[in-house]
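For the sequence shown, the numbering used here assigns the number 880 to the initial residue and increments by one for each residue that follows. What follows is a set of notes on a single structure, which appears directly below.
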Amino acid sequence: MKGLLFASTLLSLIGGQALAADGISAEPATVHDWSGVYVGGQIGYGFGTTGASFSSPNTPGFQASQDYDIDGFLGGIQVGYNYQLNSLVLGIEADIAGADIKGHSDEINVGVRGDTYDTKVDWFGTLRGKAGYAFDSTLIYGTGGLAYGSVENRYLDGPFNSFSEKSTKTGWTLGAGLEQAFTDHWSANFEYLYIDLRNQTIDYGGSNTEFDNTFSTVKIGMNYKF
């Protein structure tokens, strides 16, 4: 909820800036054309719950799971292309964002007292198809495709020892958005994405922990269409 409120407030502010930046009348065009190449920027908020599952193949009864929240801000750029056929709008978009999405578990419920888990997403990007319906200068769309990003998971074994796994993961994303054009060139959008960067496993030799790298994002962005 706090991510949604944050994005809604920024969308209102950034819309006013778009009108000033274009330097023309705010009077809407009779029919807006969504076709063309666009570039833009985005800021937003990421949030989710990481599930960590511990298992020991040599001791089948010694296993447990731990869930903990991750969240943080993000910002990046995007480039895309739309093609409009009557009210149907089809497109493709690529984006990349730096992020500070991270979280820390409570004391895990197996092993030595004081052990914890950490997760951090440093950056991520997507390559997505888009399909939507235009109500003149308002576009509602669904989107989905490839997701990738840098994820680090850590097992903190007390204050002096830790095990970690950091890598660039690939997965998928699915979401939806709303975009409002203010002039022939400038538009602002609000977008939600669910991102799955696939599981990651830390192996300690005789036991392991598997982390599910999933999170959601809410973003607002500004686009300039050429």
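Quick reminder that beta carbons are idealized off the backbone N, C-alpha and C, glycines included.
- Remark: fewer than three beta-carbon pairs, one from each stretch, lie closer than 8 Å, so the segment 1084-1102 and the segment 1012-1027 are not flagged as touching.
- A distance of 9 Å or more separates the beta carbons of Ile1081 and Phe1105.
- Distances from the CA of Asn965 to each of Asp1015, Asp985 and Ser935 were compared; the closest alpha carbon is that of Asp1015.
- C-alpha of Glu1044 to C-alpha of Lys999: approximately 11 Å in a straight line.
- Looking at the DSSP output, Asp1091 shares a beta bridge with Gly930 and Asn1078.
- Under the three-state reduction of DSSP, Gly1050 is assigned to strand.
- In this structure, Tyr1071 lies near Gly1056, with their beta-carbon atoms less than 9 Å apart.
- Under the DSSP assignment, Thr998 falls in the beta strand (DSSP E) whose first and last residues are Thr995 to Phe1014.
- Of the residues Ile1074, Thr1093 and Thr995, the one whose Cα lies closest to the Cα of Gly1054 is Ile1074.
- In the DSSP annotation of this structure, the continuous segment of the beta strand (DSSP E) that includes His983 starts and ends at Leu967 to His983.
- Restricting attention to Trp1065, Tyr996, Glu972 and His983, the CA atom closest to the CA of Gly1021 is found in Glu972.
- Trp913 sits in coil when the DSSP states are folded into three classes, being neither helix nor strand.
- Burial check for Leu1076: the Cβ neighbour count within 10 Å reaches 16 or more, so the residue is buried.
- The DSSP-derived three-state label of Ser1086 is coil.
- In this structure, the CA atom of Gly920 is about 15 Å from the CA atom of Tyr960.
- Phe926 is positioned such that its CB atom lies closer than 9 Å to that of Ile949.
- Of the candidates Asp985, Gly1008 and Gln945, the residue whose Cα lies closest to the Cα of Asp974 is Gly1008.
- Ranked by how close their Cα comes to the Cα of Leu967, the residues Tyr1034, Lys1098 and Ile1019 have Ile1019 in first place.
- By alpha-carbon distance to Tyr924, the top candidate from Leu953, Tyr996 and Ala1010 is Leu953.
- In the structure shown, Phe1042 falls within a strand segment according to DSSP collapsed to helix, strand and coil.
- The DSSP-derived three-state label of Thr1062 is coil.
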